[in-house]
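The working numbering runs 1193 ahead of the 1-based position in the sequence shown.
Reviewing the structure listed below.
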Amino acid sequence: MTLDTAPPRHEVAASAAEGPLGNAHSQLRSAVATLGLDDGIHRMLAQPRREITVQVPLRRDDGSVEVLTGHRVQHNFARGPAKGGIRYSPAVTLDEVRALAMWMTWKCSLVDVPYGGAKGGITIDPRHYSRDELERVTRRYTTEILPIIGPERDIPAPDIGTDEQTMAWMMDTYSVSVGHTAPGVVTGKPVSVGGSLGRSSATSQGVVHIALAALAHLGIARAGATAAVQGFGKVGAGAALILAEAGVEVLAVSDQYGAVHHPDGLDVRALDQHVAATGSVVGFSGAESFPPEQLLGLDVDLLVPAAVEGVRNEHNAGPVQAKVIVEGANGPTTGAADEILSANGVLVVPDILANAGGVIVSYFEWVQGNQSYWWTEGEVNHRLEQRMLMAWNDLLETQCRTRLTLREAATVTAVEKVAHAHQVRGIYP
Ligand code: NAD
């Protein structure tokens, strides 16, 4: 085979990759085909601009030494600095981080925040480490990726297994290393060190703005509408609480340990307190427990997956009874499941819109930090709602015009903007 006839490198990568990265590549391929982009642009969009894998040696509390593996992938800078969360999970792999970084690029483009996409992670189960150990891991990982992050280069934020304390340690480590306080290096940090009011609930608020808009679009009244939420962490618990406040009956929620159900709607606030005290939804006295794998098939109006990737696949997409799925998690639906859901008339609001509230308020945090000027929580929430609903209305309009699914329409819109940024910037030299 000559070089001329060899398949492009990204196609090799796409065919070899399974799971989230295969899913991300196939979404991109389809958007590229719809837009009629050439192969050169496709290659630029398919491959991360920069990625780093680091060893993170950790001295454990008992004096032993463990070596963990971390990654940071910067998928694209065409529209601005890279932006994306840091995940601490035993399931973290380089391919997963690559997929999540690509989705961040499309998300930022879709909701018009001036960033490219990035993602990072460490293969670690944070539940098995003390707070001191997690601080040491975080500081060493930050030091290892320090040459490629910064307020104008790449700005991390929390994701699965990390939180505002993690961001405070990252910000402090970076600041000490560069010799001045640099709050803009991370977002999702505590308000006391330059975090934004409204950031901690932003992703969940955004999910609910979109969920309520989607229910209204289908003619379903929010009062008395029913919902199930998979994942009861930062995104899922927040979404369940806000949905319940909005009058939606949250019938069931699950986490990695189990699932609970109440036919008249869970007392989500009491459940949240139970989780704060015990670490899981399991054992909540105000509900019945049931097998978590049944949650995705419950007879509800609204389903919010807010846990991990690939949970909705070709094996469990067929029996879905929900009218609308609003993706709080990144990449919860595989390509095969998307086709089944679309054929069955289930409205799927894609992750790159549905969970964009987090990056929108991260952007607000960065803007406020750069100006050293702070907005009230009301201002933040109002601007967030405006941005989410604007993006939702634009997406509906595009979908109506193109007859694509919402995910296809969202990906095409996002990819087109990034491709255009590449085209007008040109290739240097
Ligand atoms: P988190 O660590 O706070 O919570 C994750 C939750 O999912 C936990 O309740 C965990 O028990 C549960 N879980 C894990 N595996 C599960 C499984 N197989 N079945 C059911 N539950 C399971 O993480 P988070 O920040 O809430 O993130 C959740 C999702 O939302 C991820 O896909 C993340 O990338 C995405 N996301 C998060 C943000 C953010 O601001 N935190 C923003 C955008 C997207």
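Glycine included, every Cβ here is placed at the ideal spot set by N, Cα and C.
Per-residue DSSP class, three states only, for residue i
| i | result |
| --- | --- |
| residue 1459 | coil |
| residue 1670 | The displayed coordinates of the chain run from 1194 to 1622. Any statement about residue 1670 would go beyond what the structure contains. |
| residue 1411 | coil |
| residue 1493 | coil |
| residue 1600 | helix |
| residue 1205 | The predicted position of residue 1205 is uncertain, since its pLDDT is 39 and thus under 50; a value taken from the coordinates is nonetheless stated next. It is helical. |
| residue 1281 | strand |
| residue 1513 | coil |
| residue 1376 | helix |
| residue 1276 | strand |
| residue 1306 | coil |
| residue 1442 | strand |
| residue 1369 | helix |
| residue 1165 | A question about residue 1165 goes unanswered here, because the residues of the chain that appear run from 1194 up to 1622. |
| residue 1286 | coil |
| residue 1531 | helix |
| residue 1340 | helix |
Residue i versus residue j: straight-line alpha-carbon distance, rounded
| i | j | result |
| --- | --- | --- |
| residue 1601 | residue 1531 | 10 Å |
| residue 1304 | residue 1242 | 21 Å |
| residue 1537 | residue 1512 | 9 Å |
| residue 1455 | residue 1415 | 18 Å |
| residue 1493 | residue 1506 | 19 Å |
| residue 1308 | residue 1614 | 12 Å |
| residue 1557 | residue 1350 | 13 Å |
| residue 1551 | residue 1393 | 8 Å |
| residue 1450 | residue 1475 | 7 Å |
| residue 1459 | residue 1271 | 45 Å |
| residue 1385 | residue 1357 | 11 Å |
| residue 1382 | residue 1259 | 27 Å |
| residue 1596 | residue 1228 | 14 Å |
| residue 1278 | residue 1482 | 32 Å |
| residue 1605 | residue 1489 | 27 Å |
| residue 1410 | residue 1464 | 30 Å |
| residue 1366 | residue 1444 | 43 Å |
| residue 1323 | residue 1251 | 12 Å |
| residue 1195 | residue 1501 | Its pLDDT being 34, under 50, residue 1195 is placed unreliably by the model, and the measurement read from it follows with that caveat. Roughly 41 Å separates the two Cα atoms. |
| residue 1338 | residue 1361 | 16 Å |
| residue 1222 | residue 1372 | 44 Å |
| residue 1468 | residue 1219 | 37 Å |
| residue 1312 | residue 1294 | 5 Å |
| residue 1306 | residue 1321 | 36 Å |
| residue 1582 | residue 1301 | 15 Å |
| residue 1204 | residue 1282 | With a pLDDT of only 49 at residue 1204, under the threshold of 50, the placement of this residue in the model should not be trusted; the figure read from the coordinates follows. Near 28 Å, if we compare the C-alpha coordinates of residue 1282 and residue 1204. |
| residue 1447 | residue 1387 | 33 Å |
Beta carbon of residue i nearer than 9 Å to that of residue j
| i | j | result |
| --- | --- | --- |
| residue 1276 | residue 1413 | no |
| residue 1389 | residue 1555 | yes |
| residue 1426 | residue 1549 | no |
| residue 1518 | residue 1496 | yes |
| residue 1353 | residue 1280 | yes |
| residue 1317 | residue 1266 | no |
| residue 1510 | residue 1423 | no |
| residue 1391 | residue 1574 | yes |
| residue 1453 | residue 1477 | yes |
| residue 1570 | residue 1542 | no |
| residue 1608 | residue 1230 | yes |
| residue 1217 | residue 1524 | yes |
| residue 1310 | residue 1264 | no |
| residue 1420 | residue 1436 | yes |
| residue 1499 | residue 1432 | yes |
Near ligand 1: residue i beta-carbon under 8 Å from a heavy atom
| i | result |
| --- | --- |
| residue 1580 | no |
| residue 1354 | yes |
| residue 1552 | yes |
| residue 1548 | yes |
| residue 1485 | yes |
| residue 1385 | no |
| residue 1427 | yes |
| residue 1450 | yes |
| residue 1324 | no |
| residue 1640 | No statement about residue 1640 is possible, as the shown extent of the chain runs from 1194 to 1622 and does not include it. |
| residue 1544 | yes |
| residue 1502 | yes |
| residue 1522 | yes |
| residue 1525 | yes |
| residue 1248 | no |
| residue 1619 | no |
| residue 1265 | no |
| residue 1293 | yes |
| residue 1630 | Because residue 1630 is not part of the residues shown, which for the chain are 1194 to 1622, the question remains open. |
Residue i at chain D interface by Cβ criterion, 9 Å
| i | result |
| --- | --- |
| residue 1442 | The chain inventory of the structure shown lacks chain D, comprising one protein chain alone. |
With three or more C-beta pairs closer than 8 Å as the rule, is the region 1363 to 1383 touching the region 1328 to 1348? yes
Taking contact to mean 3 or more Cβ pairs, one atom from each stretch, closer than 8 Å, check whether the region 1236 to 1253 and the region 1324 to 1337 are in contact. yes
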